[in-house]
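J.: Quick note, the sequences are listed as chains Z and S, same order. Take any residue in the first sequence, note its place counting from 1, add 3, and you have its number in this note's numbering. Take any residue in the second sequence, note its place counting from 1, add 520, and you have its number in this note's numbering. The beta carbon of each residue, even a glycine, is placed where N, CA and C say it ideally should be.
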Amino acid sequence: MRKLTLALAALALAAPAVTEPALAQNEQFIPALVYRTGPYAPNGIPFANGVADYWTLLNERDGGINGVKIVFEECETGYATDKGVECYERLKGKGPTGAAYFSPLSTGITFALTDKVPGDKIPLLTMGYGRSESRNGAVFPWNFIAVGSYWTAADVAIQHIAKELGGFDKLKGKKISLVYHDSPYGKEPIAALEARAKLNGFDFKAIPVTHPGVEQKSQWLAIRQDRPDYVLLWGWGVMNSTSIKEAAAVGFPREKVIGVWWSGAEPDVTPAGEQSAGYKALMLQHGPGKFAVHADLEKNVVSKGKAAAKEDFAQVLYNRGLINSMIGTEAIRTAMKKYGNKPMTGEQVRWGFENLNLTAARIKELGFEGMLQPLRFSCEDHQGADVARMQQWDGKAWKTISDYYKADDSILAPLVKENAAKYATEKKITARDCSKES
Amino acid sequence: MFYRETGQFKTSYAADMQIFPIRQDRIALWVLLAVAFIGIPLLNAFHIWPFGNEYMLRAILIPFLILSLAAIGLNILTGYCGQLSLGSGAFMAIGAYSAYKFGTGVHIPFGLFDLSIPPLPMLPSILLGALMSAVVGILFGIPSLRIKGLYLAVATLAAQFFFDWVFIRVKWFTNYNSSGSVSAPDLNFFGFVVNAPIERYLLCLIFVAIFALLAKNLVRGNIGRQWMATRDMDIAAELMGIRPLYAKLSAFAISSFIMGVAGALWAFVYLGAWEPLAFSIDRSFQILFMVIIGGLGSILGSFLGAAFILVLPILLDQVPHALGVPISVETVSLLVFIVTGALICWLLIVEPRGFARLWSTGKEKLRLWPYPY
């Protein structure tokens with residue numbers, strides 16, 4: 004018995020030593036914080052598969068980025084902040100130049116890492132989640148909240164409701180409730196919704212649901228009593244399908260439930276079966292379905308048996324994973340234009356992000372036409388785009404039901420400015436002067 | 521042969537009463553402290569494996585030290601005084617949030633006369649935060665005068681859920697932050713900003729060393745004996761003149777104080793930015809398991825238990841990857857659950873009194889080695 008214990012201990016101690024020299028020099032290391040277990044796994048898995056498959060595609064089809072092979076490693080966070088921090092520490096120094104960027108897919112982990120990345124000089128790509136005020140690149144040089152923030156989402160959702168009702172003036176006196184995951188993630192949109200409520204004169208009520216969200220009977224009973232005109236849903240993982248089931252149980256029309264883009268994928272609606280039909284959700288620009296990039300994936304990755312994806316191929320969250328990796332690797336490519344075709348450090352990748360310009364032509368070239376609108380980061384703007392669409396689940400598939408809405412900057416810009424300034428004073432950060440950046 | 525106190529004569533009361541009466545123990549402790557305070561920083565400075573990289577410090581040693589401290593806190597309450605508590609997470613949270621409030625300035629609008637305290641320096645913030653935790657600990661300890669065992673555990677569970685709720689709902693505690701997540705102010709100690717991993721490690725080490733010494737001295741003194749008497753049989757203890765009110769509430773206070781310090785360190789030094797989920801019921805269970813696995817009623821056990829519960833899963837998680845075994849991360853994380861769970865079961869069957877007991881059995885055997893009878 005003692006020998007066994009000793010052998011285990013020796014093995015454990017020797018383990019880190021074995022890994023160190025394994026990586027070659029001309030390789031770009033990109034870490035992946037994933038959650039393939041736990042209550043959020045149904046949503047974490049397709050995203051992680053998309054992320055991994057796009058990197059595999061670049062390696063298989065192009066031999067990496069400009070000849071620099073991508074090496075990646077996954078670390079299981081289980082959506083827990085402390086485990087995420089451990090994974091971050093484990094992966095940040097790997098590869099010849101360290102981690103290129105991190106995408107934790109968790110608002111809680113994003114908050115914790117936001118304080119750590121400036122010291123380690125690694126950019127944080129949080130596509131469609133994280134701190135909404137991190138759009139302000141002058142205060143948050145290392146955060147890139149690409150494509151859209153929760154405030155964008157909240158604003159677009161209200162715009163869509165106004166359109167359904169027939170104009171912004173019709174919002175007056177209406178009741179809109181928010182059923183949200185009681186965590187930083189779910190609380191983020193409240194500020195923007197309150198600002199909208201004040202402006203458009205609707206009654207706003209926020210109804211929290213405790214993690215992980217499988218128990219929401221009382222919340223939906225309250226909704227039945229209160230009879231709001233619309234319910235916004237800010238859930239994740241099992242919470243989403245539970246909400247839809249509860250809405251059906253209290254007879255709240257699913258057409259009046261609008262989910263955020265993290266509540267609008269296949270794992271959110273399929274468990275509720277027939278009850279989900281009619282449910283609407285925002286799109287982080289893209290939806291499910293196959294596009295040009297999927298043909299390349301099928302040819303170079305799936306047919307070779309190297310795909311991580313199974314039945315989730317071309318689903319909403321899988322496609323989001325693809326876009327996430329595409330934006331990250333394009334930032335690396337942009338950085339290589341300035342620093343040469345070799346593995347980039349986190350600092351160089353940050354420059355790449357800040358100067359990334361995904362034009363419509365470039366998006367088409369990459370095979371993402373129809374999934375993403377042009378996106379351009381700058382020193383002031385770390386979001387790059389603020390448009391979103393609406394989709395509806397017809398019982399079998401997601402159907403796009405609206406054109407692009409643009410979030411109202413006159414409402415969101417002051418919020419971003421105010422909250423970024425608050426963060427800057429709290430953390431004693433002096434904002435960069437963007438007019439002097441090259 | 522080496523571990524034998526033959527020939528060590530105690531010639532003064534001081535020598536008789538010291539913490540470690542055996543010379544070899546004292547030497548071992550000093551060596552351990554020297555390694556922790558001098559060796560590890562030196563290895564880190566010269567980048568020598570295994571302490572040369574940040575990972576070892578930031579992801580293993582710092583959380584290990586902080587959770588050991590929390591385990592010491594719970595051990596005083598559960599291990600020494602016999603009061604089962606499931607509220608460790610809540611007491612840590614109170615320490616963390618109070619320290620955050622003191623560190624960023626307290627403002628209580630009382631209507632006519634506002635109470636305003638300017639932002640305090642870091643050390644007083646942490647200690648005042650811990651004091652708040654102690655006060656709440658006393659409040660939630662009052663039921664312990666009437667109820668015992670599992671019933672008390674349920675009462676402390678109420679503290680856990682209540683404070684989970686408070687820190688999520690009462691926006692005052694998070695300085696009205698829109699997302700409800702707060703981020704720690706600078707770790708400024710008398711003008712010196714603790715930032716590098718090795719500095720953070722040393723900061724935690726200093727706290728842990730001081731409180732471990734304090735706890736060790738408390739439990740072998742008057743008050744510790746009162747706790748243990750209460751634990752072993754409260755009626756007998758009362759008949760011998762021990763006031764249960766004083767014994768139990770002091771255990772609650774000191775235990776919560778130490779857990780409050782641990783909570784503040786966990787939030788400020790390890791996480792940096794946190795939300796109430798960081799101190800959920802899972803944390804309470806984690807610390808309770810550390811105490812049970814490590815050994816109830818042992819300061820050393822708190823460290824061993826923390827190492828087992830925290831570090832073992834992290835190491836197991838990395839074994840397949842390090843050996844180049846191609847299995848997916850989800851399989852690995854499930855395997856880690858299975859292996860850790862099996863090891864806990866095995867350990868509790870082999871030695872229900874935890875690592876501390878194994879340690880003392882080992883010491884007994886070592887005394888006789890190499891000529892056991």
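Indicate the three-state DSSP secondary structure (helix, strand or coil) for P211/Z in the structure shown.
T.: DSSP places P211/Z in strand when its eight states are reduced to three.
J.: M374/Z and I326/Z look like a contact to me (Cβ under 8 Å); what is the Cβ gap, rounded to whole Å?
T.: At roughly 6 Å, the Cβ-Cβ gap stays under 8 Å, so M374/Z and I326/Z are in contact.
J.: Considering just the uninterrupted stretch of the beta strand (DSSP E) at Q394/Z, what are its terminal residues?
T.: 390-396 is the span of the beta strand (DSSP E), which, as asked, contains Q394/Z.
J.: Name, going along the chain, the residues of the region 201-216 of chain Z whose beta-carbon falls closer than 8 Å to a beta-carbon of chain S.
T.: Answer in chain order: P211, H214.
J.: Can you tell me the Cβ-Cβ gap for C90/Z and L36/Z, rounded? I've got them flagged as a contact below 8 Å.
T.: That pair is a contact at about 5 Å.
J.: Name the two residues that bound the continuous beta strand (DSSP E) containing P34/Z.
T.: Taken as a continuous stretch (DSSP letters only), the beta strand (DSSP E) holding P34/Z covers 30-37.
J.: Relative to chain Z, which residues along the region 553-580 of chain S have a C-beta separation below 7 Å, given in chain order?
T.: Per Cβ criterion, the list reads W569, P570, N573, E574, Y575, R578, A579.
J.: What residues of chain S sit near G96/Z, judged by a beta carbon separation below 8 Å?
T.: Going along chain S in sequence order, the residues near G96/Z (Cβ under 8 Å) are N573, E574, Y575.
J.: Please check if any C-beta of chain Z sits within less than 9 Å of the C-beta of N737/S.
T.: It does not: the Cβ of N737/S has no partner Cβ on chain Z nearer than 9 Å.
J.: Which residue's Cα is closest to the Cα of G67/Z: A388/Z, P346/Z, D406/Z, D384/Z?
T.: G67/Z has its Cα closest to that of P346/Z, out of A388/Z, P346/Z, D406/Z, D384/Z.
J.: DSSP three-state call for A25/Z: helix, strand or coil?
T.: Low per-residue confidence applies at A25/Z: pLDDT is 46, beneath 50, and the placement is therefore not dependable, though the value from the model is reported in the following sentence. Reduced to three states, the DSSP call for A25/Z is helix.
J.: So which residues of chain Z does E884/S contact, with C-beta pairs closer than 9 Å?
T.: Per Cβ cutoff of 9 Å: no residues; E884/S is ~16 Å from chain Z at best.
J.: Any idea what DSSP makes of K431/Z, helix, strand or coil?
T.: Correct three-state label for K431/Z: coil.
J.: Could you tell me if Q538/S is buried or exposed, where buried requires 16 or more neighbouring beta carbons within 10 angstroms of its beta carbon?
T.: So Q538/S counts as exposed.
J.: Could you check whether the region 218-233 of chain Z touches the region 252-265 of chain Z, counting it as contact only if at least three pairs of C-beta atoms, one from each stretch, sit closer than 8 Å?
T.: A contact exists between the region 218-233 of chain Z and the region 252-265 of chain Z.
J.: When the Cα of T624/S is compared with those of K341/Z, V419/Z, R435/Z, K431/Z, which residue comes out closest?
T.: For T624/S, the nearest C-alpha among the options comes from K431/Z.
J.: Since S653/S and G607/S are thought to touch, with beta carbons under 8 Å apart, how far apart are those beta carbons, to the nearest angstrom?
T.: At roughly 10 Å, the Cβ-Cβ gap does not stay under 8 Å, so S653/S and G607/S are not in contact.
J.: Against chain Z, which members of the region 777-802 of chain S pass a CB distance test of less than 9 Å?
T.: Within the region 777-802 of chain S, the qualifying residues are W786, Y790, L791, G792, A793, W794, E795, P796, L797, A798, S800, D802.
J.: For chain S, check one thing: does any of its Cβ atoms lie closer than 9 Å to the Cβ of P270/Z?
T.: P270/Z does not count as touching chain S.
J.: I'd like to know if the region 170-185 of chain Z and the region 293-313 of chain Z are in contact, where contact means that at least 3 CB-CB pairs between them fall below 8 Å.
T.: Short answer: they don't touch.
J.: Does the Cβ-Cβ distance between V656/S and A590/S come in under 9 Å?
T.: Cβ atoms of V656/S and A590/S: not closer than 9 Å.
J.: Taking C-alpha atoms, which residue in M286/Z, I125/Z, V71/Z lies nearest to R353/Z?
T.: Of the candidates M286/Z, I125/Z, V71/Z, the one whose C-alpha sits nearest the C-alpha of R353/Z is I125/Z.
J.: Quick one: any contact between the region 379-393 of chain Z and the region 142-162 of chain Z, if contact means 3 or more CB pairs under 8 Å?
T.: Cβ pair count under 8 Å is three or more, so yes.
J.: Thinking C-alpha only, which one of I560/S, L888/S, Q528/S is nearest Y721/S?
T.: Selected option, being the one with the closest Cα: I560/S.
J.: For F584/S, tell me which candidate among T526/S, L769/S, Y766/S, M810/S has the shortest Cα-Cα distance.
T.: It is M810/S whose Cα lies nearest to the Cα of F584/S.
J.: Taking Cβ-Cβ distances shorter than 8 Å, what residues in chain S pair up with I414/Z?
T.: Those within 8 Å of I414/Z in chain S number zero; the least Cβ separation is about 14 Å.
J.: Could you tell me whether any Cβ in chain Z is nearer than 9 Å to the Cβ of V714/S?
T.: Chain Z, which has no Cβ nearer than 9 Å to the Cβ of V714/S, makes this no.
J.: If we cut at 9 Å on Cβ distances, does P890/S have a partner in chain Z?
T.: So no, P890/S is outside the interface.
J.: Quick one: using the 10 Å Cβ neighbour count with 16 as the cut-off for buried, is D315/Z buried or exposed?
T.: Flag for D315/Z reads buried.
J.: Let me confirm a value: S532/S is counted as buried when at least 16 other C-beta atoms fall within 10 Å, else exposed. Which label applies?
T.: That one is exposed.
J.: Along chain S, in chain order, which residues have C-beta atoms closer than 9 Å to that of S186/Z?
T.: Under the 9 Å cutoff, chain S gives I688, S699, G700, S701, E795, P796, L797.
J.: Is it true that the CB of S775/S sits closer than 9 Å to the CB of Q746/S?
T.: Contact: no.
J.: Cβ of T881/S less than 9 Å from any chain Z Cβ?
T.: Chain Z, which has no Cβ nearer than 9 Å to the Cβ of T881/S, makes this no.
J.: Mind pulling the chain S residues with CB within less than 8 Å of N422/Z?
T.: Ordered by position in chain S, the residues that pass the 8 Å Cβ test against N422/Z are S698.
J.: Give the residues of chain S in contact with E79/Z, contact being defined as C-beta atoms less than 8 Å apart.
T.: Those are D837, V849, E850, V852, S853, listed as they occur along chain S.
J.: When the distance is taken between beta carbons, is V74/Z closer than 9 Å to M339/Z?
T.: Not closer than 9 Å, so no.
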